[in-house]
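>
In this note's numbering, the protein residues as written are 2 to 84.
1) So does residue 14 have its beta carbon nearer than 6 Å to some heavy atom of the ligand ATP?
2) By a C-beta neighbour count over all protein chains shown, 10 Å radius and 16 as the cutoff for buried, is residue 45 buried or exposed?
3) Give every residue of the same chain whose Cβ lies closer than 7 Å to the Cβ of residue 63, excluding the five residues on either side of it in the sequence, and list them in chain order.
4) For residue 8, which of helix, strand or coil comes out of DSSP?
5) Spatial neighbours of residue 71 within its chain, please: C-beta separation below 6 Å, excluding the five flanking residues on both sides.
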């Protein structure tokens, strides 16, 4: 079980959170100009690195706020969290 440190509520068990995928994915500047293939890449293709990875998390059973966390995908250790 992961122990995730919510920036507002403090450390809580992983089962209180909802995973939101890769952090810092920019919305397309001109969404109407994208082809179906480009939309597919935007919606479904994400990085899958071995090592530190920035992710979005929501404290769904607590304050219900979204925040970012950097997690090492090799060890599952949460390295840091930030708003």
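Cβ atoms here follow ideal geometry from the backbone N, Cα and C, with glycine treated the same way.
Walking through what the data contain:
1) In terms of ligand content, the structure shown is empty, and the ligand ATP therefore cannot be addressed.
2) Residue 45 comes out exposed.
3) Answer for residue 63: 7, 10, 13 and 17, listed in chain order.
4) Residue state, collapsed to three classes: coil.
5) Excluding residues within five positions, the ones whose Cβ falls inside 6 Å are 53, 55, 80 and 81.
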